[in-house]
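Each remark here refers to the structure printed beneath this line.
Numbering (the working numbering), first residue to last: 5 to 180.
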């Protein structure tokens, strides 16, 4: 009887272990809704972008019309050109490759008193830079000698006056 009673006690102990294991494992189960829920540490959605000030946008559009009138029609032999707002840090344009030569640059700005057109050609020896000072409302020109390669331009405001609606533009054509 001792042998049978020992087996029965062992079976009962084993049965209790299985029963408690099943109870512990059921506590770890998830329903589909819980599995689909984001973790508590997820980030909130970013705020929507700020909306443009309609009055500022209207003034910038008016300045662009005036800039187009000052610069005149787009040249047929245009090599590089661009225009844009001067708010924040200005307007950039680039060209990955340009033939070596002399180029006439025409630029203008509207909406502030002073701006500048910076032209750079980076290379391992420091590159070259050219600067054209702009009195806004008038056309400024210069001739630059460029080597074959990349050209970077940057139209920048040169004043501390507010100019969120200011614009500038330029044309670069082969020099005669």
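Glycine included, each C-beta is placed from N, C-alpha and C at the ideal position. Since the model is a prediction, treat every value here as computed from it, not as a measurement.
The beta carbons of residue 98 and residue 172 sit about 16 Å from each other, so the pair does not count as a contact at 8 Å. Assignment of residue 116 by DSSP, reduced to helix, strand and coil, places it in the coil class. Here the stretch 126–137 does not lie against the stretch 88–108, with fewer than 3 beta-carbon pairs under 8 Å apart.
The three-state reading of DSSP puts residue 48 in coil, since its state is none of H, G, I, E or B. A straight-line Cα-Cα distance of about 46 Å links residue 136 and residue 48. The beta carbons of residue 117 and residue 165 sit closer together than 8 Å. The residue from 112, 133 and 121 with its alpha-carbon nearest to that of residue 151 is 133. The C-beta separation of residue 145 from residue 109 comes to about 6 Å, placing the pair in contact by the 8 Å criterion.
Cβ-Cβ distances below 8 Å link residue 139 to 117 and 118 in the same chain, with the five nearest sequence neighbours on each side left out; the list follows chain order. Less than 8 Å divides the Cβ of residue 159 from the Cβ of residue 94.
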